[in-house]
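So the sequence shown is numbered by my numbering: it starts at 298 and just counts up by one. See below for the structure under consideration.
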Amino acid sequence: MLAIVLAGCATAPLSSPSSPSDASPSLGHAEALARQAARLADSPHRTSLLLDCAASAQAAMREAGAPVDAGIALAGRCSDEALLAEFHRHPQGWSPGSARIAGREVEVRIEGASAMFRGALTVIPAQDVALPADWNFRQPGFGLPVVLRTARCSDDPRCALYPAEGIHQWATAWIEQDADGTLLLRIVDPARMPQARIGGRDVPLYFDALSFYALGASVSQLPRQGIYGLLGGQGIGSRAGVYLLRDYDPRKVPVVMIHGLGSNPIIWSELSGAIWADPELRDAYQVVHIVFQTNAPLLVSRLRVRAYLDRMWELLDPEGDDPARQKMVLVGHSLGGVVSRMLTVDSGRVLWDAAFTVPPEQLQGAATDVDGIRATFLLKPYPGACSLVMLASPHKGSPTASSLTGRIARVLVGRRAPEIQALRRLAETHPDAVKPELLESYRFARLNSITTLQAMQPVRRAGQSLLPAPGVRYHTIAGNLHGQGGDGVVPLESALLPGAASTLVVDYGHALYKDPEVVAQIVGILRDERQRSCDPPLPAQEVVDIAPPASAD
């Protein structure tokens, strides 16, 4: 019954409540205050009445024989309306300690805030954040769901792991009155504190799992930068790296999400929300988003993503002994799915022999060039990456890359990846070391993400035979739109891999990450993965450490 009451009243506009309860003078007084406030336009006086209403309704719950559910519902409505008005008037400048609301002294208590917050907080009611109607990531309860925000910090190296748009966090806020009559504004993390004691009763708090992310995404330049980055623009290059959406937890398994060609991590909104909204998954996993510039050849993108992950662990777990370091789940879409697979393979000399005529130890050239080429073509599984999910991924290439559209794209897509220049210098100084069919493309640096997705590209063809290392659990999800044999971009045959732990084919286009059935499938995989460990033991890391290229804004 209490859950129904809370669901019905959460952030609902005030209307004249039912007649006062004869059993509770305090509740009757609270109802009278609510009626008076309902007749007023927004003003500090109205907010003051609502503060008194919330306090009186909570006091009524402690009276013998009082209707507790009615008291909770009224306290919630009055508190929500008071805070909505106050946060609309004064969204900025909130910190723990004394504050004034509608001329009243209030003690602000903020619990569970991000350790990376700096200074006063901006508080935005979650209901002001636009979400698609079918995004069901809100769990009604007591209190007003809000988003807390500060600018990204700069006083700690870990600040670089947070989005440039600022640090955002979910929270729930309400007004209560303590035993000595002091009005309190409590702002808490409902994931850490799912219940609050209101008027002597434990009540579940309202939890909005996605508005905090949607607010940051709404002002992000990443969608535009993702497209421009494919064409050689440097905006997304300056943003490339690993991003945390919540503070790092050393005990939670990272779910590392890798976007596709010309895309950006905002595509993972539905999947991220599904994880955050589920108490069991939220307790087991932490969401990590990768941003990378997608104009580079596949193996260069793989090298860069590996370097971004290395940097993340250097900042978060330099000793390498956190439980979170021992296991990761990779989730990739399209090109990101192929990158994910290549992070879990032991290539031996398969890729090397497809590109070069000499063994690795006989390759000549500048030491930095040789080291970089070896790191690009000799792959080992990334430590801890023992499970991966690949969506609409062209493991056997895509005919789109060879079509007229693909030929135009190959001309437009940027070829300025500095890693390619080592191949160009090798082709110029030691052409006999390069396979003849690749010599021209290496000599003129005619390599990018589109060319390396062509079905007949030699290194790509060799790479399609590489499956994740033994012990790595992998899952494929593919689209077969209207039974046409693919998702409109990637053929069905190219998106499937033998030996997969599970395979799902859906009637959907290339943007599989939006399909509720696909999201549900990944959620199910994550539930199963909670019970599994990394086996066999972690493989050795590649010995060559190549930092990602620095890009200017």
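Just so you know, even glycine gets a beta-carbon here, dropped at the ideal spot from N, CA and C.
Asked	Found
Ordered list of beta strand (DSSP E) runs contained in the stretch 600-663, each at least 3 residues	625-630
Inter-residue Cα distance where the pair is residue 459 and residue 510	12 Å
Start and end residues, alpha helix (DSSP H) containing residue 333	322-335
Backbone secondary structure at residue 544 - three-state DSSP	coil
Separation of residue 387 from residue 694, as counted between CA atoms	54 Å
8 Å CB neighbourhood of residue 454 in its chain, flanking five on each side removed	612
Ranges of the beta strand (DSSP E) found wholly within the stretch 716-803, counting only runs of at least 3	770-776, 799-803
Contact under 7 Å by Cβ, residue 551 with residue 639	no
DSSP three-state assignment for residue 385, whether helix, strand or coil	helix
Buried versus exposed call for residue 784 [16 or more other C-beta atoms within 10 Å across all chains shown]	buried
Segment contact, 8 Å Cβ cut-off, at least three pairs: the stretch 669-686 with the stretch 589-607	yes
Neighbour-count burial assignment, residue 444, 16 or more Cβ in a 10 Å radius	buried
Distance cut-off 6 Å: residue 724 Cβ against heavy atoms of the ligand GTP	With respect to the ligand GTP, the structure shown offers nothing to examine, as it has no ligands at all.
Under the three-state DSSP convention, the category residue 345 falls into	helix
Close Cβ partners of residue 565 (< 6 Å) along its chain, the five nearest in sequence each way excluded	554
Between the CA atoms of residue 684 and residue 830 - distance to the nearest angstrom	10 Å
Which of helix, strand or coil DSSP assigns to residue 432	coil
Strand pairing of residue 687, partner residues [DSSP]	629, 773
Enclosing alpha helix (DSSP H) for residue 582 [first to last residue]	No alpha helix (DSSP H) contains residue 582, which is instead part of the beta strand (DSSP E) from 582-588.
Secondary structure of residue 500, DSSP reduced to three states	strand
Outcome for residue 807 when other beta-carbon atoms lying within 10 angstroms are tallied against a minimum of 16	buried
Residue 598 vs residue 642 beta-carbon contact at 7 Å	no
Touch test, the stretch 716-727 against the stretch 646-663, Cβ-Cβ under 8 Å, three pairs minimum	yes
Outcome for residue 479 when other beta-carbon atoms lying within 10 angstroms are tallied against a minimum of 16	exposed
Length of the line joining the Cα atoms of residue 507 and residue 570	5 Å
For residue 465: DSSP bridge partner residues	446
Burial state of residue 780 (16 or more Cβ within 10 Å)	exposed
C-alpha gap between residue 740 and residue 730, whole angstroms	12 Å
Reference residue 587, options 425, 628, 346, closest by Cα	628
Whole-angstrom C-beta distance between residue 733 and residue 620, which should lie under 8 Å	Their Cβ separation, rounded to whole angstroms, is 49 Å, which puts residue 620 and residue 733 out of contact at 8 Å.
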